[in-house]
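Heads up, the thing below is written out as structure tokens.
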Amino acid sequence: MRFARLTLWSMAFLALAGFALVTGLNLYLGGEESGVRYSGEADVRSEFTLTDHTGRQVTQADYSDRWQLVFFGFTHCPDVCPTTLAYMASVLDRLGGNADRVAPIFITVDPARDTVPVMAEYVSAFHPRLIGLTGSEAQTAEAARNFRTWFERSDDASAPDGYFMAHAGHIYLMRPDGAFEAVYQEGGQSSEALAEEIRKKI
Amino acid sequence: MRTYILLAAMAFWPISAQADVTVRDGWARASVLESRPTAAYLTLASDREDQLIGIASPVAGHVTIHAVKADASGVSRMVEIDALNMFPGKTVTLAPGGMHFMLLDLSQKLEKGTTLPLSLTFASGATMQISVPVLGPGASGPQGD
């Protein structure tokens with residue numbers, strides 16, 4: 001009995017040691033078990049219930065006949081947001097006849113100040129087709145969560161109302177079904193090059 | 203001989219001190235809506251070491267200098283900086299998506315087609331009054347629309 005137990009423990013130990021050795025070797029040699037694995041499907045998805053700049057309640061399904069080009073920001077943003085929205089507008093213009101196959105969407109991370117009329121005036125300054133989306137704090141936070149994007153209120157005494165919103169500056173290209181296709185950033189490539197890349201994908 | 207060179211250098215010193223700092227490609231972004239901060243950009247060069255320590259405009263309550271820095275996780279954040287360091291032969295460029303002057307508490311909307319007066323103060327004591335064009339909200343550079 002005691003012998004059997006010892007054997008079992010020994011076997012277990014050997015098995016563990018063997019597994020550790022193989023795994024270690026694999027890691028060391030850069031084999032299949034090592035490093036990051038890419039699943040091919042990013043867990044970034046376009047899923048939201050928000051209000052567009054015309055006051056209409058929308059979800060991602062309202063844009064299911066088009067691809068989506070999505071950027072998160074806020075209208076009190078002096079540099080990154082206008083720069084990125086102008087870049088998106090330029091991409092849309094360069095898409096020419098293919099532009100109607102893409103819904104350009106700007107989602108606010110500052111819904112308390114970015115109400116429907118504010119969004120309407122703001123988006124129209126950049127492109128006639130740009131869609132502005134706002135909602136409750138919970139709704140916009142949920143949209144950001146589903147896109148795996150980051151934002152944070154940053155208190156600053158010199159800022160209007162005492163705060164800025166810090167946020168990631170990514171532009172997401174999403175498929176018509178809301179699944180992730182690609183992520184870009186303003187300045188990453190020229191608007192011509194990005195329009196060309198998007199044209200090939202859609 | 204050496205003395206002459208020194209004297210000559212001293213004689214020219216005040217002239218070179220006059221033409222220290224050059225500013226070009228300045229512009230500001232038009233406001234889309236009331237009471238929103240906006241940004242101004244330019245390219246600075248100095249033929250001696252100096253620092254831009256202050257910037258002001260009669261239409262802005264205050265103007266701050268911002269840089270964009272990425273943290274360890276790759277998230278870019280805007281950070282306020284106290285001074286812009288300038289070195290001889292090195293230009294400092296403020297441009298969209300990077301360093302910018304942030305114009306806060308604007309007394310009026312910045313309208314495209316107007317000009318924005320700015321006054322710059324340097325650590326050397328030099329000051330400079332400039333006026334930059336206000337371009338559209340979607341402009342991406344000094345030649346933008």
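Residue numbers (this note's numbering), protein chains in the order written: chain A, 1 to 202; chain B, 203 to 347.
C-beta atoms are modelled at their ideal positions from N, C-alpha and C, and glycine is treated no differently.
Computed from a predicted model, the values in this text were never measured in an experiment.
Check: Using a threshold of 8 Å, state whether the C-beta atoms of H354/B and M280/B are closer than that.; Outcome: Since the first residue shown for chain B is 203 and the last is 347, residue 354/B is missing from the structure and cannot be characterised.
Check: Per DSSP, what are the beta-bridge partners of N287/B in this structure?; Outcome: Q253/B
Check: Measuring alpha carbon to alpha carbon, tell me which residue in G178/A, M119/A, A120/A and R94/A is nearest W67/A.; Outcome: G178/A
Check: With a threshold of 8 Å between beta carbons, is S237/B in contact with chain A?; Outcome: yes
Check: What's the call for P339/B, buried or exposed, on a 16-neighbour Cβ count within 10 Å?; Outcome: buried
Check: Cβ of E142/A less than 8 Å from any chain B Cβ?; Outcome: no
Check: Kindly list the residues whose CB is nearer than 8 Å to the CB of A112/A, restricted to its own chain and excluding five residues on each side of it in sequence; keep chain order.; Outcome: E137
Check: I'd like the list of long-range same chain contacts for Q60/A, defined as Cβ closer than 7 Å, with 5 residues on each side in sequence excluded.; Outcome: S46, E47, F48 and G178
Check: Got a sec, what are the start and stop residues for the beta strand (DSSP E) D307/B sits in?; Outcome: H302 to L308
Check: Locate the alpha helix (DSSP H) running through Y184/A, then write down its first and last residues.; Outcome: Premise fails: Y184/A lies in the beta strand (DSSP E), F180 to Q185, not in any alpha helix (DSSP H).
Check: Do F289/B and V223/B have their C-beta atoms within less than 8 Å of each other?; Outcome: no
Check: Can you round the beta-carbon distance between T134/A and V116/A to whole angstroms, since I take them to be within the 8 Å contact cut?; Outcome: 6 Å
Check: Kindly examine the ligand SAM and report whether one of its heavy atoms sits closer than 7 Å to the Cβ of D273/B.; Outcome: The ligand content of the structure shown is nil, which means the ligand SAM is not present either.
Check: Residues in the same chain with beta-carbon distance under 6 Å from M330/B, minus the five sequence neighbours each way, listed in chain order, please.; Outcome: L322
Check: Please state whether the Cβ-Cβ distance between F147/A and L130/A is less than 8 Å.; Outcome: no
Check: Can you pull the DSSP bridge partners for H268/B?; Outcome: E282/B and H302/B
Check: Which one of D227/B, Q345/B, G327/B and V234/B has the shortest CA to CA distance from D79/A?; Outcome: V234/B
Check: In the region 177-194 of chain A, which residues sit with their C-beta less than 7 Å from some C-beta in chain B, listed in chain order?; Outcome: E186 and G187
Check: Is there at least one Cβ from chain A nearer than 8 Å to V334/B's Cβ?; Outcome: no
Check: Of all the residues that make up the region 252-267 of chain B, which are near chain A by a beta-carbon distance shorter than 8 Å?; Outcome: H264 and T266
Check: Could you have a look at A341/B and say whether DSSP puts it in helix, strand or coil?; Outcome: coil
Check: What are the start and end residues of the beta strand (DSSP E) that includes L226/B?; Outcome: Here residue 226/B turns out to be Arg, not Leu, going by the sequence shown. Note, R226/B: beta strand (DSSP E), V223 to R231.
Check: To the nearest angstrom, how far is it from the Cα of A262/B to the Cα of F180/A?; Outcome: 42 Å
Check: Give me the residue from N287/B, R226/B and P260/B with the minimum Cα distance to L254/B.; Outcome: N287/B
Check: Where does the unbroken beta strand (DSSP E) through Y243/B begin, and where does it stop?; Outcome: T240 to S248
Check: Any Cβ of chain B within less than 8 Å of the Cβ of A61/A?; Outcome: no
Check: Mapping the DSSP letters down to three states, classify L29/A as helix, strand or coil.; Outcome: Confidence in L29/A is poor, its pLDDT being 42 and thus under 50, which makes the residue's placement too unreliable to answer from.
Check: Residues of chain A with a CB under 7 Å from the CB of P298/B: which are they?; Outcome: D79 and T83
Check: Which word fits T108/A, buried or exposed, when buried means at least 16 other C-beta atoms lie within 10 angstroms of its C-beta?; Outcome: buried
Check: Under 8 Å, Cβ to Cβ, is there at least one residue of chain C near H170/A?; Outcome: In the structure shown, chain C cannot be found, because the protein chains are A and B.
Check: Buried or exposed: K200/A, going by 16 or more other Cβ atoms within 10 Å of its Cβ?; Outcome: exposed
Check: Does I283/B get closer than 8 Å to chain A when you measure Cβ to Cβ?; Outcome: no
Check: Which residues bound the beta strand (DSSP E) around D52/A?; Outcome: T49 to D52
Check: Buried or exposed for A103/A, going by 16 or more other Cβ atoms inside 10 Å?; Outcome: buried
Check: Under 8 Å Cβ to Cβ from G24/A, same chain only, skipping five residues before and after it: list those, please.; Outcome: Annotation note: pLDDT 45 at G24/A (below 50); position unreliable, coordinate value reported separately. Excluding residues within five positions, none has a Cβ falling inside 8 Å.
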